[in-house]
Amino acid sequence: MKIETLCAGAHLHKKLTGRPLVTISYAQSIDGSITTRRGVPLSLSGRESLRLWHRLRVCHDAVLVGIGTVLADDPQLNVRLVTGTDPQPVILDAKLRFPLRALALKSSKPPWIITTRRLNSKKQERLESRGAQVISLKKTPDGWIDLAYMLKYLAQRGIESVMVEGGARVITSFIKARLADYFVITITPFFVGGLHVIEKLMPGAKQSKNINLDKARIIGNKRYGRDLVIWGTIE
Ligand SMILES: NC(=O)c1ccc[n+]([C@@H]2O[C@H](COP(=O)([O-])OP(=O)(O)OC[C@H]3O[C@@H](n4cnc5c(N)ncnc54)[C@H](OP(=O)(O)O)[C@@H]3O)[C@@H](O)[C@H]2O)c1
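Just so we're aligned, residue 85 is where the sequence shown starts under the numbering used here, counting upward by one.
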């Protein structure tokens, strides 16, 4: 499968599963770090792989990040380096910490901010006066947003494909919940020794031979300038 056709099966996928197709996408250093430490932005991708990233945004209906990424990176979550339609930004923000000056509020499609808080707060009013939509959904026992429920909600609103861009906690949650279908990972030629993308996937495992490793299948790889991009499926 070519990377350009990643989203081709999204319509059928939604029909069969009732939820959008989910692509996990992030950039990491050779040693698997996505930044130096939590809360600190680090730009890893080179120009060519960034263009690919923007092409991937065009082919997905929505782009999703956690509030940790918004607070650290202040991403615009739109398409700038290629021509194409902006995806719908979706933010996981249980405690409604989304900043009123976030750049994502200036995109052509204002963000959908998913929270677990009760609606009609002052903060919600302020965010909505800037165009955002605050949506309160079901939470998990640990107080985070229930991802399976949230994906069904997105499907009901016509979203057929979601590009999950980070950060570490959100990606770990999607993998743990087995709600990720594809991965696209940009490997950049640096050693960082920082925050790893997957956190405690197998807590308590003492012996590696007893671990049931989550399976991923690499389908393709290609050099984009100085970076290597690999993509595939998560079983
Ligand atoms: N290299 C890359 O490609 C890349 C991409 C993105 C980010 N990053 C880096 O990653 C770091 C941010 O990662 P992070 O792990 O701190 O934050 P994150 O994954 O962006 O956001 C995590 C937060 O989202 C909220 N949340 C709500 N429901 C959740 C759920 N079901 N699962 C997980 N989180 C949920 C929680 O905060 P509440 O409880 O407040 O809701 C949680 O703390 C930054 O330093 C950023 O620079 C790197």
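Don't be surprised by glycine CBs; every beta carbon is placed ideally from N, CA and C.
What you are looking at is a predicted structure, and each value in this text was computed from that prediction instead of being measured.
- Between A146 and V246 a beta carbon distance of about 5 Å is seen, short of the 8 Å cut, so the two are scored as contacting.
- Per DSSP, the unbroken alpha helix (DSSP H) holding L140 starts and ends at 131 to 143.
- K306 carries a strand assignment under DSSP once its states are collapsed to helix, strand and coil.
- Here F275 carries a coil assignment [DSSP, helix/strand/coil].
- The C-beta distance from T89 to H144 rounds to 13 Å, too long to fall under 8 Å, and the pair is not in contact.
- Restricting attention to T119, L312, P173, G242, the CA atom closest to the CA of S192 is found in P173.
- P125 has its Cβ nearer than 7 Å to a heavy atom of ligand 1.
- Residues K236, A239 of the same chain have their beta carbon placed closer than 8 Å to that of G102, with the five preceding and five following residues left out of the count.
- About 6 Å separates the Cβ atoms of Y110 and I269, confirming a contact at the 8 Å cut-off.
- In this structure, L165 lies near R135, with their beta-carbon atoms less than 8 Å apart.
- Restricted to the segment 146 to 220, the beta strand (DSSP E) segments that are unbroken, complete and at least 3 residues in length are 146 to 150, 172 to 176, 196 to 199, 217 to 220, listed in chain order.
- Sequence-distant partners of Y233 (beyond 5 residues in either direction) whose C-beta falls short of 7 Å from its own C-beta, in its chain, are L221, K222.
- Boundaries for S127: no alpha helix (DSSP H) harbours it, and the DSSP string shows neither H nor E there.
- DSSP places L238 within a helical segment (H, G or I) once states are collapsed to three.
- Taking V163 as the centre and dropping the five residues before and after it, the same chain places the C-beta of H138, R141, V142, D170 closer than 6 Å to its C-beta, in chain order.
- Secondary structure note for I255: its alpha helix (DSSP H) is the uninterrupted segment 252 to 260.
- Residue pairing from DSSP places M247 in a beta bridge opposite T107, V147.
- Sixteen is the threshold: when 16 or more other Cβ atoms of the shown chains lie within 10 Å of the Cβ of D265, as they do, the residue is buried.
- In this structure the segment 91 to 102 does not lie against the segment 121 to 128, because fewer than three pairs of beta carbons, one per stretch, are closer than 8 Å.
- Not one heavy atom of ligand 1 lies closer than 7 Å to the C-beta of I197.
- Straight through space, the alpha carbons of E244 and R202 are spaced by roughly 27 Å.
- For R181, the shortest C-beta to heavy atom distance toward ligand 1 is below 7 Å.
- L312: member of the beta strand (DSSP E) spanning 311 to 318, first to last residue.
- When the five nearest sequence neighbours on each side are left out, the beta carbons in the same chain lying within less than 6 Å of the beta carbon of F274 are those of S113, in order along the chain.
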